[in-house]
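Just below is one structure, and these are the notes that go with it.
There are 2 protein chains.
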Amino acid sequence: MKIEAYIQNKAELCREAGMKLASMQSRVKNQALELMSKKLKEKSGLILAENKKDVAAAKKSGLSNAMIDRLILNEKRIDEMCKGLKEVISLTDPVGEVIKMWKRPNGLTIGRMRVPIGAIGIIYESRPNVTVEAASLCIKSGNSVLLRGGSEAIRSNIALANILIEAVKESGLPETCIQIIDITDREAVMKMLKQDKYLDVIIPRGGEELIKTVVENSTIPVIKHDKGVCHVFVDESADFDMADKIIFNAKVQRPGVCNALETLLVHEKIAKRFLPVTAKSLSGAKVVLKGCSETRKILKGIEEAKEIDWTTEYLDLILSIRVVKDLDEAIDHINFYGSHHSDAIVTSSYENSQRFLREVDSAAVYINASTRFTDGGQFGLGAEIGISTNKLHARGPMGLEELTTNKFIIYGNGQVRE
Amino acid sequence: MKIEAYIQNKAELCREAGMKLASMQSRVKNQALELMSKKLKEKSGLILAENKKDVAAAKKSGLSNAMIDRLILNEKRIDEMCKGLKEVISLTDPVGEVIKMWKRPNGLTIGRMRVPIGAIGIIYESRPNVTVEAASLCIKSGNSVLLRGGSEAIRSNIALANILIEAVKESGLPETCIQIIDITDREAVMKMLKQDKYLDVIIPRGGEELIKTVVENSTIPVIKHDKGVCHVFVDESADFDMADKIIFNAKVQRPGVCNALETLLVHEKIAKRFLPVTAKSLSGAKVVLKGCSETRKILKGIEEAKEIDWTTEYLDLILSIRVVKDLDEAIDHINFYGSHHSDAIVTSSYENSQRFLREVDSAAVYINASTRFTDGGQFGLGAEIGISTNKLHARGPMGLEELTTNKFIIYGNGQVRE
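Residue numbers (my numbering), protein chains in the order written: chain L, 38 to 455; chain Z, 38 to 455.
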């Protein structure tokens with residue numbers, strides 16, 4: 038009950054602050070972001086000291102080296118946070134933009150205006166920089182934010198959040214428009230997920246387990262940032278050199294992210310000639326290959342890809358390969374086994390490129406390019422709060438615009454309905 | 038278990054059909070809609086016979102006259118369904134529209150394409166015409182649909198759906214793209230709400246109780262069509278005649294709908310002069326007035342408005358009235374007690390009109406016009422599947438565009454990420 042009251046109070050304050058923040062000017066919001074950047078630099082010593090405690094505790098509790106690496110802060114990483122803040126400042130404030138305006142025969146002028154969503158709950162893991170990223174994007178788009186970071190980074194997150202909150206207060210934004218949950222009890226998350234009276238949306242960022250917990254327990258709408266089981270399909274008419282480069286990039290350049298390649302599909306008519314080419318490139322980067330029975334006739338000695346492989350996000354230097362009969366089989370495979378994230382075709386056929394584009398049911402569908410481009414920055418949308426795997430509201434890289442909703446505005450001069 | 042298997046099977050077939058329907062041409066979808074209209078006319082005898090049985094059963098079970106009136110079909114109402122179908126045919130198909138396209142420095146061309154959401158579940162009550170309206174909008178926007186109507190209209194709904202399904206089959210659309218749940222067990226709804234593997238969204242249309250059940254039990258994203266507690270605020274500078282006409286229209290023209298007026302707010306500086314004017318007009322339509330203490334000093338003898346009144350959707354000739362200190366108090370009242378549906382200000386002040394527009398957190402915000410215009414047709418958006426009170430994805434009248442989502446399409450020529 039004590040935790041419930043604590044969380045409800047935070048959520049209520051978040052809503053209240055959001056109502057005020059919604060109509061604040063871009064100039065004021067940008068000043069707050071500027072001040073955040075300044076204060077992060079000034080107080081980096083404090084941040085690093087708190088972070089050291091987190092890292093020590095994490096080492097003691099036996100967290101993996103990869104996880105510890107994500108947790109560690111240093112001057113360079115703080116500089117990156119400040120750079121991120123500057124980028125958010127430079128983005129156009131979407132709030133108040135009237136997207137469309139039209140006139141009705143009765144003289145009413147009707148428009149759609151972008152407005153903040155309201156109060157946003159962010160639940161995230163590990164990387165403390167998310168505290169700054171998420172908070173700054175919410176503030177810029179006029180939303181208040183309730184942050185809940187992972188327990189392993191609790192001291193770093195609190196130190197960062199307190200600096201942001203200081204900047205908020207000094208710049209005249211509503212005091213509670215950024216708040217952090219500073220207890221690590223799991224129950225706090227559960228209670229947070231039931232604050233549908235106060236929070237308008239929950240954005241979970243983290244592993245599969247976290248996403249599942251949130252989706253199953255939330256009574257608040259959730260915008261998921263789920264896993265990516267991404268595909269490249271090499272069509273019969275593909276340029277081998279291009280296909281090879283795209284596959285290598287999508288698999289190897291950064292295997293631990295959601296837009297990295299996990300399953301390669303190859304048209305049966307070219308499999309015999311193409312698979313050895315790409316296997317050779319990939320072996321140079323020590324990628325472990327797993328194949329269907331057809332693939333294993335061509336690439337002798339590789340592991341067998343089992344049913345479970347087609348739905349697995351390896352996040353590692355592992356690639357499953359399947360030979361398919363044609364474009365239809367490739368599209369069916371992607372739509373059935375994939376995670377509807379990012380998928381690419383390599384082809385010289387105009388017709389097949391267009392069919393792939395239309396029929397693959399994914400957030401981002403590529404012709405002749407690496408799936409690794411699915412990213413707000415790469416798409417030219419600016420900083421992103423994540424990559425949504427929802428179909429509703431936001432799909433794909435989720436930037437400032439996706440942190441807003443619309444309202445209809447209607448200018449009349451006395452019209453009544455007949 | 039039997040019901041669960043039945044529902045799951047329907048949902049699975051719905052998803053499959055949706056995948057195929059997504060890439061079908063507008064021409065084919067329109068042909069199916071044409072055929073639906075033709076068949077509804079041809080088979081009106083059958084529909085009316087089944088409807089008679091529903092009406093007889095409803096009378097026997099003691100349903101209110103208002104409910105029975107909504108249930109009754111006749112040739113005129115069937116003609117209206119056909120007219121509705123023609124209207125949907127005339128609307129532009131949103132599927133495949135590329136909203137935006139831009140080029141990146143690396144040569145990638147990136148666009149956002151409208152695509153169907155997928156498989157949609159509709160849960161509705163009473164009026165059988167929703168069967169035709171909802172199904173036709175889903176089909177036109179490339180979505181398959183699983184219908185679940187109220188038990189009191191089960192025979193009418195099945196008769197209508199079977200005719201639509203015949204038309205679907207004859208026009209070559211995927212056979213199961215329209216389905217109806219033909220059992221009336223409440224458990225069927227509960228099972229339907231758990232089909233998150235197959236259904237992409239649930240749209241409930243009906244009373245508060247229905248909406249609540251759906252929101253609390255669904256693991257599928259819900260687009261609510263909730264109640265409307267709509268306000269008119271008469272500002273100090275309002276034109277009395279205009280304000281009076283807007284209030285009368287918003288309250289009286291059709292009191293039983295969600296965009297009708299429920300609470301009137303009046304600026305204290307004009308309350309004494311204005312309230313008698315509007316009370317006189319409203320008394321002509323036998324509107325029952327309830328007021329705050331200030332109101333009751335001016336309009337003697339009217340009922341007291343209690344706390345509960347400010348959040349009540351009367352859907353009847355009842356109006357609650359409150360005198361407010363200023364614009365701020367009006368906005369606070371609306372944002373606190375209202376349902377964020379449709380709210381209007383009547384004013385001559387430019388500044389107040391703009392503040393009201395920005396600060397009232399509702400789906401539709403009006404200056405000097407009746408709230409009754411919140412409607413897809415009145416806004417010029419074409420037929421609507423309802424008026425969403427969600428903030429995410431769709432807000433306000435929900436037409437064909439809101440039945441679609443986007444995907445990013447990326448044209449490359451071998452780009453890889455550096």
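We put the CB at the ideal spot given by N, CA and C, even for glycine. What you are looking at is a predicted structure, and each value in this text was computed from that prediction instead of being measured.
Residue pairing by DSSP places A401(Z) opposite F445(L) and S379(Z) in a beta bridge. In the structure shown, L394(Z) falls within a helical segment according to DSSP collapsed to helix, strand and coil.
Flagged as an interface residue toward chain Z: P258(L), by a C-beta distance shorter than 8 Å.
In this structure, the beta-carbon distance from F445(L) to G433(Z) falls below 8 Å. Sequence-distant Cβ neighbours of D237(Z) in its own chain, meaning closer than 6 Å and more than five residues away, are I154, G155 and A156. Shown here, A196(Z) sits in a helix according to DSSP, grouped into three states. Proximity of L145(L) to chain Z, defined by a Cβ-Cβ separation below 8 Å, is satisfied.
Residues are counted here when their Cβ sits less than 7 Å from a Cβ of chain Z; for the stretch 429-448 of chain L these are L429, H430, R432, G433, T442, N443, K444, F445, I446, I447 and Y448, given in chain order. Across the stretch 266-300 of chain Z, CB contacts with chain L closer than 7 Å involve M279, K282, I283, N286 and Q290, in sequence order along the chain. Counting along the chain, the unbroken beta strand (DSSP E) around R359(L) starts and ends at I355 to V361. In this structure, the CA atom of N46(L) is about 56 Å from the CA atom of V360(L). According to the DSSP assignment, S60(Z) belongs to no beta strand (DSSP E), since it is labelled neither H nor E.
For the stretch 64-137 of chain Z, the full-length alpha helix (DSSP H) segments reaching 4 residues or more read 81-97, 102-108 and 112-127 along the chain.
Between D276(Z) and L354(Z), the alpha-carbon positions lie close to 24 Å from each other. Among the residues of chain L, none has a CB under 8 Å from the CB of Y374(Z); the nearest is roughly 14 Å distant.
Judged by DSSP in its simplified three-state form, C295(L) adopts coil rather than helix or strand.
Annotation for R164(Z): R107 place their beta carbon closer than 7 Å to its own, counting only its chain and skipping 5 residues before and after. Between L394(Z) and chain L, the shortest Cβ-Cβ separation is below 8 Å. At a Cβ-Cβ threshold of 8 Å, T315(L) and I284(L) count as neighbours. Residue range R223 to M229 is occupied by the alpha helix (DSSP H) that includes R223(Z). Going by beta carbons, D272(L) and V397(L) fall outside the 8 Å limit. Rounded to the nearest angstrom, the gap between the Cα atoms of E305(Z) and K362(Z) is 5 Å. Collapsing the DSSP output to three states places A406(Z) in a strand. With its beta carbon less than 8 Å from one in chain L, D237(Z) belongs to the interface. A residue is called buried once 16 or more other Cβ atoms fall within 10 Å of its Cβ, and L418(Z) is buried on that count.
Residue environment: R64(Z) is assigned as exposed (fewer than 16 neighbouring CB atoms within 10 Å of its CB, all protein chains considered). The beta carbon of V402(Z) falls within 8 Å of a beta carbon belonging to chain L, placing the residue at that interface.
A residue is called buried once 16 or more other Cβ atoms fall within 10 Å of its Cβ, and Y161(Z) is buried on that count. Residue pairing of E340(L) in beta bridges, as defined by DSSP: K327(L). Sequence-distant partners of P211(Z) (beyond 5 residues in either direction) whose C-beta falls short of 6 Å from its own C-beta, in its chain, are A54, K57 and L58. Using beta-carbon distances, I154(L) counts as an interface residue toward chain Z, with a partner under 8 Å. Chain L has no Cβ within less than 8 Å of the Cβ of R333(Z).
With 16 or more other CB atoms across the displayed protein chains lying within 10 angstroms of its CB, L302(L) is buried. Annotated as proximal: V269(Z) and A381(Z), with beta-carbon spacing under 8 Å. Residue environment: D91(L) is assigned as buried (16 or more neighbouring CB atoms within 10 Å of its CB, all protein chains considered). Rounded to the nearest whole angstrom, the CA to CA distance from L356(L) to K323(L) is 11 Å.
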